[in-house]
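A.B. asks: FYI, my numbering numbers position 18 of the sequence shown as 23, with every residue one higher than the one before it.
Below is a structure I'd like to ask you about.
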Amino acid sequence: MTFRFEKMSEQHLPIVMSIEKLAFTHPWSVQNFKDSLRSGSIGFLLGVAGQWVGYTVLMPVIDELHILNFAIDPKEQHKGLGKRLLSLVIEFAVDRHFKDIYLEVRQSNVIASGLYQTQGFVEIGRRKGYYPVVGGREDAIVMRKNL
Ligand SMILES: CC(C)(COP(=O)(O)OP(=O)(O)OC[C@H]1O[C@@H](n2cnc3c(N)ncnc32)[C@H](O)[C@@H]1OP(=O)(O)O)[C@@H](O)C(=O)NCCC(=O)NCCS
6 MTFRFEKMSE QHLPIVMSIE KLAFTHPWSV QNFKDSLRSG SIGFLLGVAG QWVGYTVLMP
66 VIDELHILNF AIDPKEQHKG LGKRLLSLVI EFAVDRHFKD IYLEVRQSNV IASGLYQTQG
126 FVEIGRRKGY YPVVGGREDA IVMRKNL
């Protein structure tokens, strides 16, 4: 399979938003993406066979890299693409000499936390009631990978 990676710009936001709305119960707005990209976060898209199938948004904080957003198009999930995109993030972080990668994941999101664990992320804490859910709030698991 041939993969393509491209840095995200605002011109990619229509396709990013079409995936975002399908991938998340509480999606980012287009303004959330614009604000992140304009304030120094870096986005990457993953392409396969001429189609964009996923993306991530990364925020550098001194020597830490924070994964703010990470998604694969639901039609393309369970094919190893999430793992491929996460490998790209790790390679990027190593190349740029970040010390650690951090992320937050909903405690109910066993697929994502399983993916992160297989790539060497470990739980370092919880944020109580961090995420909205229908009818309440849900904890975030905070994970870190030391590079
Ligand atoms: C999380 C997500 C990115 C995974 O993408 P994906 O392309 O389906 O993942 P992969 O096919 O690469 O699977 C990688 C690993 O995830 C885990 N995984 C994948 N499908 C799984 C399933 N059905 N059950 C449990 N674990 C699963 C496994 O650990 C798998 O490793 P393995 O293939 O060695 O078993 C994707 O499900 C997604 O976009 N979800 C919605 C958005 C989201 O939750 N983003 C993360 C926010 S923190």
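We put the beta carbon where it would ideally sit given N, CA and C, even for glycine.
Should GLU143 and TYR136 be called a contact, given that it needs their Cβ atoms to be closer than 7 Å?
C.D. replies: The sequence position of residue 143 within the sequence shown is 138, counting from 1. The sequence position of residue 136 within the sequence shown is 131, counting from 1. Contact: yes.
A.B. asks: Tell me where the beta strand (DSSP E) around ALA54 begins and ends.
C.D. replies: Indexing the sequence shown from 1 puts residue 54 at position 49. Careful: ALA54 lies outside any beta strand (DSSP E) and carries neither H nor E.
A.B. asks: Thinking just about the alpha-carbon of each residue, which of MET148, TYR107, LEU93, ASP40 is nearest to the one in ARG9?
C.D. replies: Counting from one through the sequence shown, the residue named residue 9 turns up at place 4. Of the listed residues, the one whose Cα sits closest to ARG9 is LEU93.
A.B. asks: Using only the alpha-carbon positions, how far apart do ASN151 and LEU86 sit?
C.D. replies: On the sequence shown, residue 151 is found 146 positions in, with the first residue counted as 1. On the sequence shown, residue 86 is found 81 positions in, with the first residue counted as 1. Distance between the alpha carbons of ASN151 and LEU86 is about 22 Å.
A.B. asks: Mind reading off the beta-carbon distance from ILE116 to TRP57? Whole number of angstroms is fine, and I expect it under 8 Å.
C.D. replies: As a first step, residue 116 is located in the sequence shown; it is residue number 111 there, counting from the start. As a first step, residue 57 is located in the sequence shown; it is residue number 52 there, counting from the start. About 20 Å separates the two Cβ atoms, so there is no contact after all.
A.B. asks: Closer than 6 Å: is that where the CB of PHE75 sits relative to any heavy atom of ligand 1?
C.D. replies: Sequence index remark: in the sequence shown, residue 75 carries index 70 (1-based). Yes, ligand 1 has a heavy atom inside 6 Å of this Cβ.
A.B. asks: Would you call the segment 90 to 110 and the segment 38 to 53 touching, i.e. three or more CB-CB distances under 8 Å?
C.D. replies: Yes: at least three Cβ pairs fall under 8 Å.
A.B. asks: Could you pull the DSSP bridge partners for ARG89 from this structure?
C.D. replies: The sequence position of residue 89 within the sequence shown is 84, counting from 1. In the DSSP output, where bridge partners are listed per residue, ARG89 has none listed.
A.B. asks: Let me confirm a value: LEU27 is counted as buried when at least 16 other C-beta atoms fall within 10 Å, else exposed. Which label applies?
C.D. replies: Residue mapping note: residue 27 aligns to position 22 of the sequence shown, counting from 1. That one is exposed.
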